[in-house]
Amino acid sequence: QPLIDTENGRYLGAEVLVRWPHKEHGLIMPDQFINIAEQTGVIQSLSLWVIKNAIQTLKRWITVKPDFLLSINISASNLQDENFLRAMNFLFYENKDLAKNVILEITETQVMSDTQSALKNLWGLSELGFHIAIDDFGTGYSNLAYLKKLPASELKIDKSFILNLESDKQNQVLVHTAIEMAHNLGLKVVAEGVESEKSRIILEEMGCDMCQGFHICRPVSVDQFEELLKTHG
Ligand code: C2E
Ligand code: CA
Ligand code: CA
Numbered sequence: 009q010p011l012i013d014t015e016n017g018r019y020l021g022a023e024v025l026v027r028w029p030h031k032e033h034g035l036i037m038p039d040q041f042i043n044i045a046e047q048t049g050v051i052q053s054l055s056l057w058v059i060k061n062a063i064q065t066l067k068r069w070i071t072v073k074p075d076f077l078l079s080i081n082i083s084a085s086n087l088q089d090e091n092f093l094r095a096m097n098f099l100f101y102e103n104k105d106l107a108k109n110v111i112l113e114i115t116e117t118q119v120m121s122d123t124q125s126a127l128k129n130l131w132g133l134s135e136l137g138f139h140i141a142i143d144d145f146g147t148g149y150s151n152l153a154y155l156k157k158l159p160a161s162e163l164k165i166d167k168s169f170i171l172n173l174e175s176d177k178q179n180q181v182l183v184h185t186a187i188e189m190a191h192n193l194g195l196k197v198v199a200e201g202v203e204s205e206k207s208r209i210i211l212e213e214m215g216c217d218m219c220q221g222f223h224i225c226r227p228v229s230v231d232q233f234e235e236l237l238k239t240h241g
């Protein structure tokens, strides 16, 4: 799914959203299998499979747009796993330069349930050159001052604040405040769940850097995205 520059609509990047095309059950959405993958430990190989594929795709897309940013969701158990950092080092060994085109998304709740090893892994990933984004911001109990201690460079405001932005004055105040504070702390801000042009305009007026949502484009296949990038990149 594309992430656009709020002001001019150009594609700045994309978020990788995994789907499981099943012979009998059709397309299975991540909400139906990520949790199970986490509980069963399959998440480690699933994440690395996603990342391996993402690297191949990204290599093609940066030939069209060298500063393209690909966001990849990382699960809490990846951060807890001491082998994850080693695996990332290995996967990017021949493409070290590519790390600067990758944003690893971790949710606010994952960071809050931190352990020393999760924080160590996060800093290790940042040292390898990956950007870190805080996903689903606003759904947990963290404050921005705490988040500033993390190596994050981007904040993604949760879609529950954005979906009804045009009609909900309270959410407008919360989103505006979050954007101002994040900017003052040197973080870029993404709004996800942008479903109307009105919301995009409100977010533009608030100075939100990037937008993502059905109004701009629903999640599409890699091939479809490649076509879109040619005209919107
Ligand atoms: P997320 O990281 O918060 O991803 C955004 C979700 O919001 C996606 O759902 C996306 O399709 C949906 N979305 C985007 N724009 C809009 C909008 O305008 N309106 C509405 N109502 N929804 C919108 P999706 O693809 O079903 O993914 C659900 C969750 O599954 C993701 O939430 C993420 O936590 C997880 N996930 C997806 N892919 C991966 C993956 O490769 N690895 C891991 N660990 N988790 C993944
Ligand atoms: Ca995400
Ligand atoms: Ca999110």
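According to this note's numbering, the residues represented by the sequence shown are 9 to 241, in order.
We treat Cβ as the ideally placed atom computed from N, Cα and C, and that holds for glycine.
Note that the coordinates shown come from a computational prediction; the quantities given were computed from them, not determined experimentally.
| Item | Value |
| --- | --- |
| Cα-Cα separation, ILE140 to SER134 | 7 Å |
| DSSP three-state assignment for MET218, whether helix, strand or coil | strand |
| LEU193 versus LYS156: straight-line alpha-carbon distance, rounded | 7 Å |
| Chain-order list of residues whose beta-carbon lies under 8 Å from that of ALA62 (same chain, five-residue window excluded) | VAL24, LEU78, ILE80 and VAL110 |
| Supposed contact pair HIS223 and GLU203 - C-beta distance, whole angstroms, cut 8 Å | 5 Å |
| 4-residue-minimum alpha helix (DSSP H) runs that sit fully inside the region 122-179, ordered along the chain | 124-135, 152-155 and 167-170 |
| Nonlocal neighbours in the same chain, by C-beta distance under 7 Å from ASP89, ignoring five residues either side | GLN52 |
| Distance cut-off 7 Å: ASP242 Cβ against heavy atoms of ligand 2 | The question about residue 242 has no answer, for the chain in this structure spans 9 to 241. |
| Backbone secondary structure at LEU11 - three-state DSSP | strand |
| Alpha helix (DSSP H) segments (min. 4 residues) lying fully within the region 29-76 | 42-48 and 51-72 |
| GLU162 classed as buried or exposed, judged by whether at least 16 other C-beta atoms fall within 10 angstroms | buried |
| DSSP bridge partner residues for ASN81 (one or two, in chain order) | GLU113 |
| Inter-residue spacing [alpha-carbon to alpha-carbon] between HIS30 and ARG226 | 20 Å |
| N- and C-terminal bounds of the beta strand (DSSP E) containing LYS196 | 196-200 |
| VAL248, DSSP secondary structure in three states | A query on residue 248 cannot be resolved here, the shown segment of the chain reaching from 9 to 241 and no further. |
| First through last residue of the beta strand (DSSP E) which encompasses GLU107 | The question names Glu, but residue 107 in the sequence shown is Ala. That residue, ALA107, is in no beta strand (DSSP E); it is neither H nor E in DSSP. |
| 8 Å Cβ cutoff met for ALA22 and PRO10 | yes |
| Selected residue, minimal CA-CA separation from ASN172, among ALA153, GLY132, ARG208 and VAL58 | ARG208 |
| Neighbourhood of LEU236 by C-beta, 8 Å cutoff - its chain only, sequence neighbours within 5 removed | PRO10, TYR19, CYS225 and VAL228 |
| beta-carbon GLU102 near ligand 2 non-hydrogen atom, thresh 7 Å | no |
| Through-space distance from GLU113 to GLN180, alpha-carbon basis | 24 Å |
| Distance, MET214 Cα to HIS191 Cα | 11 Å |
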